[in-house]
Amino acid sequence: MTAPPDDCLARNEWLCGEYLSTRREILLDAVLQHLQLTGVSVLLGLVLAVPLAVAARRWRGAAGPVLGVTTVLYTIPSLAMFSLLLPVYGLSAWLVIAGLVLYSLTLLVRNILAGLRAVPEETRQAARGMGYGPVRLLLAVELPLALPAAMAGLRIATVSAVSLVTIGAIVGYGGLGNLIYSGMNTYFKAQVLAASVLCVVIAVAADVLLLGVQRVLTPWLREARA
Amino acid sequence: MNTLSAAWDWLTSAANWSGEGGIGNRLGEHLFLTVLCLLLSCLIALPVALVLGHLGRGGALAVNISNAGRAVPTFAVLVLLLLTPVGRHGQWPTIIALVLFAVPPLLTNAYVGMRGVDRDTVRAARGMGMTGGQLLWRVEVPLALPLILTGVRVAAVQLVATATIAALAGGGGLGRIITAGFNLASTPQVVAGAVLVALFALLVEGVFETAQRLAPQWARRGAS
Chain F
908 MTAPPDDCLA
918 RNEWLCGEYL
928 STRREILLDA
938 VLQHLQLTGV
948 SVLLGLVLAV
958 PLAVAARRWR
968 GAAGPVLGVT
978 TVLYTIPSLA
988 MFSLLLPVYG
998 LSAWLVIAGL
1008 VLYSLTLLVR
1018 NILAGLRAVP
1028 EETRQAARGM
1038 GYGPVRLLLA
1048 VELPLALPAA
1058 MAGLRIATVS
1068 AVSLVTIGAI
1078 VGYGGLGNLI
1088 YSGMNTYFKA
1098 QVLAASVLCV
1108 VIAVAADVLL
1118 LGVQRVLTPW
1128 LREARA
Chain P
985 MNTLSAAWDW
995 LTSAANWSGE
1005 GGIGNRLGEH
1015 LFLTVLCLLL
1025 SCLIALPVAL
1035 VLGHLGRGGA
1045 LAVNISNAGR
1055 AVPTFAVLVL
1065 LLLTPVGRHG
1075 QWPTIIALVL
1085 FAVPPLLTNA
1095 YVGMRGVDRD
1105 TVRAARGMGM
1115 TGGQLLWRVE
1125 VPLALPLILT
1135 GVRVAAVQLV
1145 ATATIAALAG
1155 GGGLGRIITA
1165 GFNLASTPQV
1175 VAGAVLVALF
1185 ALLVEGVFET
1195 AQRLAPQWAR
1205 RGAS
């Protein structure tokens, strides 16, 4: 009979290089699931948010209900949101995605709408005077000018989604949250700490990446600053 | 439709309202945690924000702390606290995590409110011979009140949400009805718990909304 190994795993230490090297596969899978869930949700949210915001801008009557519904959705705590979707989606990844889409949608609609509303009336009139139709006005003038506000919303939505994915652990689709959840049940300190730190790293990396995208997409703002 | 009527049956059956794990007790726990932690975080965040705002220092900290708070998963903090020695002291990990996540919106909103006070007004008050303390309490705080209250409202809603997640890490409150439902594989109970949590959160939001509507005109500026 061999003696039990006396490494940091056996001693259940917070920082454990042994954990990172032996559980590399598990960590990588969890990170990938985390990225997939976040990416799909935020993209779906964006696809839905743009037409909603444009509609709310065009028809004044639509703005009140759209903002009201998004406020109500945003107030519902994440765990309750996932639970309310349980009868619809069952224990699946779509349950987590649907919940996250609703949150991203809320943040994005509000920000895009604020950006569209901030387009100066003179700019719009000038475009119309140059013969721009409503569609071209929207695509070539209004949406580009609303881009900084929209990107700010996208960054907040993405960072929030990265953090909220962890709650998906309740249905087994929580990316790194799964590791935190199982680490809690088994009192596995190294796993909980590693997964938590990775969550924050993903959030910060996504934020920096989107900031870079924003810089590339809005060159006119860079010139104004210089 | 079946799930909804089953959830309704679960909510209306008297047996689910009484006892240690009953709705009544869980509701009390949730309310207690929310109110206690809101008071604690106001006591911690507001003095700091008011002093920093009055002096015009530490702006980067006050603003960035909100972004940092968003990037750190609530659930991760709860579990990390649970595994530290603090975790052996009953409700304390939950209370600490709740306060940690309620402080950023309070701090940021109060600071931004204080700095948003018209500089000419501040100069006029100084010119009238007001001391620092008088300036703070008679000019800056009243004018910053709408945003301070918005911060309290955001923090309160955040607290309700965080207290729900605390149930995942063994804390009390209405979230326990949801987690118990998941453990029993009882979809009606999960939905019933979620409805209770959602209603509680909307109620808290509604109370602050009404309070801001009823407030005098000058205190309403930040309400939207």
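Residue numbers (this note's numbering), protein chains in the order written: chain F, 908 to 1133; chain P, 985 to 1208.
Ideal placement from N, C-alpha and C gives every residue a C-beta, glycine not left out.
Let me see if you follow: with CB-CB separation under 9 Å, is residue i close to chain P or not?
i: F:C915; result: no
i: F:G924; result: no
i: F:S1070; result: yes
i: F:A1025; result: no
i: F:A1076; result: yes
i: F:T1073; result: yes
i: F:A1047; result: no
i: F:V1066; result: yes
i: F:S928; result: no
i: F:V973; result: no
i: F:L1100; result: yes
i: F:I1063; result: yes
i: F:V1042; result: no
i: F:V1115; result: no
i: F:V1107; result: yes
Do residue j and residue i come within 9 Å of each other at the CB atom, strictly closer than that value?
i: F:L1007; j: P:V1175; result: no
i: P:L1091; j: P:V1106; result: no
i: F:L1023; j: F:V961; result: yes
i: P:V1136; j: P:A1185; result: no
i: P:L1152; j: F:I1063; result: no
i: F:L1071; j: F:L1012; result: no
i: F:L1086; j: F:A937; result: yes
i: P:G1157; j: P:A1147; result: yes
i: P:A1164; j: P:G1005; result: yes
i: F:S1103; j: P:P1057; result: yes
i: F:L922; j: F:A1097; result: yes
i: F:L1015; j: F:A970; result: no
i: P:A1060; j: F:V1099; result: yes
i: F:M988; j: P:A1055; result: no
i: F:H941; j: F:V1120; result: no
Would you tell me roughly how many angstroms separate the C-alpha atoms of residue i and residue j, rounded to the nearest one?
i: F:A1101; j: F:L1118; result: 26 Å
i: F:L1124; j: P:L1143; result: 37 Å
i: P:G1097; j: P:V1032; result: 13 Å
i: P:A1207; j: F:S1067; result: Caution applies to P:A1207, whose pLDDT of 42 falls short of 50 and renders its modelled position unreliable; the value that the coordinates give is listed next. So the two alpha carbons sit approximately 23 Å from each other.
i: P:L1034; j: P:N1167; result: 45 Å
i: P:A1081; j: P:P1088; result: 12 Å
i: F:L953; j: F:M1058; result: 11 Å
i: F:G946; j: F:L980; result: 20 Å
i: P:G1177; j: F:G1040; result: 51 Å
i: P:V1101; j: P:P1126; result: 10 Å
i: F:R1031; j: F:L974; result: 24 Å
i: F:V976; j: P:E1189; result: 14 Å
i: P:P1130; j: P:A1199; result: 10 Å
i: P:G1040; j: P:I1132; result: 16 Å
i: F:V1077; j: P:P1077; result: Note that residue 1077 of chain F is Ile in the sequence shown, not Val. When rounded, the distance between both Cα atoms is 20 Å.
i: F:P972; j: F:L1054; result: 23 Å
i: F:N1092; j: F:D914; result: 21 Å
i: P:F1016; j: P:A1052; result: 27 Å
i: F:T1065; j: P:M1112; result: 49 Å
Sorry if obvious, but does the Cβ on residue i come closer than 8 Å to a heavy atom of the ligand SAM?
i: F:L998; result: No copy of the ligand SAM occurs in the structure displayed, which carries no ligand at all.
Could one say the Cβ of residue i lies closer than 9 Å to chain F's Cβ atoms, at least one of them?
i: P:V1178; result: One detail in the question is off: residue 1178 of chain P reads as Ala in this sequence, not Val. Yes, P:A1178 lies at the interface with chain F (some Cβ there is under 9 Å from its Cβ).
i: P:N1051; result: yes
i: P:R1010; result: no
i: P:R1041; result: no
i: P:L1077; result: Per the sequence shown, residue 1077 of chain P should be read as Pro rather than Leu. Not closer than 9 Å to any Cβ of chain F, the Cβ of P:P1077 fails to qualify, so no.
i: P:I1149; result: yes
i: P:F1016; result: no
i: P:W992; result: no
i: P:T1171; result: yes
i: P:E1189; result: yes
Run through chain B and tell me which residues come within less than 9 Å of residue i, C-beta to C-beta.
i: F:A1110; result: This model lacks chain B altogether, as its protein chains are F and P.
- Contacting positions in the region 994 to 1022 of chain F - beta carbon closer than 7 Å to chain P: P994
- Within 7 Å of chain P by C-beta, residues of the region 975 to 993 of chain F in sequence order: V979, T982, I983, P984, S985, L986, A987, S990, L991, L993
- Task: Pull out every residue of the region 1080 to 1097 of chain F whose Cβ sits closer than 9 Å to any Cβ of chain P, in chain order.
- Result: G1081, L1083, G1084, I1087, Y1088, G1090, M1091, Y1094, F1095, K1096
- Task: Could you name the residues of the region 936 to 955 of chain F whose beta carbon sits closer than 7 Å to any beta carbon of chain P, in the order they occur along the chain?
- Result: Legend: CB atoms of the region 936 to 955 of chain F lying less than 7 Å from CB atoms of chain P are not found in any residue.
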